[in-house]
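Numbering (the working numbering), first residue to last: 1 to 343.
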Amino acid sequence: MKKIIATTVIGLSLATGVFANGTQKVKEFELEHAKKLHEQAKVLKDLANDYYTDLKSCGFNYDKCWKTDKKDLAKDVEAMQRAWIEASSNYEIIEGIVAGMPQTVKYDLILDAGIPASEGDEDVAPHDLDCGGKCKFNTKRPGNFFHNLLEPTLWGTHAEYVGKKVDLNGDGIISKGEVLPHAKWLKCVATNFEKHTANLVRDVENLNMTLKDVFTAELTMIPTMGDYFEDWKNGKILGKSESFIALSRIFDIKGISGGLKVAYMEAISPELVKVDPKLDQKIKLGFFELTSFVDNIYMDEEAGKKFKPEDADAYASKAQDMADRLSALIAKAAKKLNITPDI
Numbered sequence: 001m002k003k004i005i006a007t008t009v010i011g012l013s014l015a016t017g018v019f020a021n022g023t024q025k026v027k028e029f030e031l032e033h034a035k036k037l038h039e040q041a042k043v044l045k046d047l048a049n050d051y052y053t054d055l056k057s058c059g060f061n062y063d064k065c066w067k068t069d070k071k072d073l074a075k076d077v078e079a080m081q082r083a084w085i086e087a088s089s090n091y092e093i094i095e096g097i098v099a100g101m102p103q104t105v106k107y108d109l110i111l112d113a114g115i116p117a118s119e120g121d122e123d124v125a126p127h128d129l130d131c132g133g134k135c136k137f138n139t140k141r142p143g144n145f146f147h148n149l150l151e152p153t154l155w156g157t158h159a160e161y162v163g164k165k166v167d168l169n170g171d172g173i174i175s176k177g178e179v180l181p182h183a184k185w186l187k188c189v190a191t192n193f194e195k196h197t198a199n200l201v202r203d204v205e206n207l208n209m210t211l212k213d214v215f216t217a218e219l220t221m222i223p224t225m226g227d228y229f230e231d232w233k234n235g236k237i238l239g240k241s242e243s244f245i246a247l248s249r250i251f252d253i254k255g256i257s258g259g260l261k262v263a264y265m266e267a268i269s270p271e272l273v274k275v276d277p278k279l280d281q282k283i284k285l286g287f288f289e290l291t292s293f294v295d296n297i298y299m300d301e302e303a304g305k306k307f308k309p310e311d312a313d314a315y316a317s318k319a320q321d322m323a324d325r326l327s328a329l330i331a332k333a334a335k336k337l338n339i340t341p342d343i
């Protein structure tokens, strides 16, 4: 029994002590982007409050407000959309770390990945909205902030959240994303969003990250790479989704895979190279293969290439094959370093 206990203590010591420098760098990376996310959430909250005040001055008569204050309202909506994009971009680069660690996974459900309770029992976003009184929309387990609440409101993909469809950019055409959002609802959602991003920052600051946590994140998230392409197909390609309209799901995959690569390079690679440099090189090549594959798709999409549903299915299969190979290599690395991830 004494030998077992000693081995366990040594294992814990290695995970929390010897590897602390690398994990600290990963934590600093996560905290940097969590703070930037929160900064943009505050910007969005302030803009939503100003927008609410403007609409309130018109008695929430969207037609009247648009006629009398068209330019300012257009600027307000476009500024809120930019804040959402900046917030989402900063979250996606750390999503793999946030979602992959048990200590913070609830924030991924709340902010980005959880579903409304009305859509099922698993992976429900664990939060209710506090709107300071009665609300005509559902506030109980309403789904994640980025894609169930804010994006459909700011880009008008959920009809109930739209105050009025308008020609924001003045080109004579009302396109998708050109709306005056429902002011009361947006104020409520943005206020709650800012609160949860602040809580994420607090919990990351207090996180005692270990190398075991980093391995857990890698081996939890890398195997899911192929799944995201279905969202891309339904959003950008088929246009059937209320989400992933403002930013392509490919952008998300790019961020998630890139963030996991950073975590590997900073925390795992410096330790693995000491005991198995060949395995370390294989993993680095695996990350390069996966991230380059996603980057190329993203660049093609940004250049205007049109994709078909079958393209998304084929890419999903290729990405999953790459992810499976990479996951197998990282699992070997965990064994080399005598670490057992929580998966």
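Where is the CB? At the ideal position from N, CA and C, for every residue including glycine.
Model, not experiment: these values are computed from the prediction.
Query, Result
"Applying the criterion that 16 or more other CB atoms from any shown protein chain within 10 Å of the CB defines a buried residue, is A312 buried or exposed?", "buried"
"Does the Cβ of D361 have 16 or more other Cβ atoms within 10 Å, making it buried, or fewer, making it exposed?", "Here the chain covers residues 1 to 343 and nothing more, so residue 361 does not appear."
"Cβ atoms of T23 and V262: under 8 Å apart, would you say?", "no"
"Who are K233's beta bridge partners in DSSP?", "According to DSSP, K233 bridges with nothing at all."
"If you check the beta carbons only, do I256 and E151 fall under 8 Å apart?", "no"
"Let's test the definition: count the other Cβ atoms within 10 Å of the Cβ of K140 and tell me whether it reaches 16, buried, or not, exposed.", "exposed"
"Rounded to the nearest angstrom, what separates K195 and P341 at their Cα positions?", "31 Å"
"What three-state label does DSSP hand K64 in the structure shown?", "helix"
"Measuring CA to CA, which of L154, K282, K254 and W185 is closest to K134?", "W185"
"Report the rounded CA-to-CA distance for P181 versus D276, giving the unit in angstroms.", "55 Å"
"Rounded to whole angstroms, what's the CA-CA distance from D167 to E289? Just pull it up for me.", "42 Å"
"Rounded to whole angstroms, what's the CA-CA distance from D171 to K70? Just pull it up for me.", "14 Å"
"Since K164 is in the alpha helix (DSSP H), which residue starts that stretch and which ends it?", "Looking at the DSSP string, K164 is not in any alpha helix (DSSP H); the run it does join, the beta strand (DSSP E), is V162 to K165."
"Under 8 Å between the Cβ atoms of F287 and Y315?", "no"
"So what does DSSP say about P142, is it helix, strand or coil?", "coil"
"Nearest by alpha-carbon distance to Q320: which of D227, D54, N148 and V179 is it?", "D227"
"Hey, how far is the Cα of V162 from the Cα of P102?", "36 Å"
"With the cut-off set at 8 Å, would you say T197 and H38 are in Cβ contact?", "yes"
"Using 8 Å as the threshold, is the C-beta distance between V105 and E266 below it?", "no"
"Assign I345 to one of three DSSP states: helix, strand, or coil.", "This structure does not reach residue 345, given that the chain is present from 1 up to 343, and the question cannot be answered."
"What would DSSP say about D130, mapped onto helix, strand or coil?", "coil"
"Between S118, R202 and L129, which lies nearest to E32 when the distance is taken from Cα to Cα?", "R202"
"Is there contact here, the stretch 110-129 with the stretch 142-149, by at least three beta-carbon pairs under 8 Å?", "yes"
"Quick check: the Cα distance between A15 and M221, rounded to an integer number of angstroms?", "For A15, the pLDDT reaches just 34, beneath the cut-off of 50, and the residue's location in the model is therefore unreliable, although a value from the coordinates is still provided. Approximately 20 Å, taken between the alpha carbons."
"Return yes when the Cβ of A183 is within less than 8 Å of the Cβ of L55, no when it is not.", "yes"
"Which same chain residues, not among the five before or five after Y62, have their C-beta less than 6 Å away from its C-beta?", "G163, K164 and L180"
"Does DSSP put L337 in a helix, a strand or coil?", "coil"
"Looking at C-alpha atoms only, which residue of N169, Q81, P309 and I250 is the closest neighbour of M299?", "I250"
"Excluding the 5 residues preceding and the 5 following R325 in the sequence, name in chain order all residues of the same chain whose CB lies nearer than 7 Å to its CB.", "G286"
"Looking at G96 and L260, is the spacing between their C-beta atoms short of 8 Å?", "yes"
"Excluding the 5 residues flanking A41 on each side, which residues of the same chain have their C-beta closer than 6 Å to its C-beta?", "A87, F193, E194 and T197"
"For my contact list, K233 and L279 are in at a C-beta cut-off of 8 Å; report their separation, rounded to the angstrom.", "Rounded, the Cβ-Cβ distance is 35 Å, inconsistent with contact."
"So, V124 versus A83, is the Cβ gap smaller than 8 Å?", "no"
"Sorted by chain position, which residues of the same chain lie with C-beta nearer than 8 Å to Q81's C-beta, five sequence neighbours on each side aside?", "L154, W155, G177 and A246"
"Excluding five sequence neighbours on each side, which residues of the same chain lie with their C-beta closer than 7 Å to the C-beta of L47?", "D76, A79, M80 and A83"
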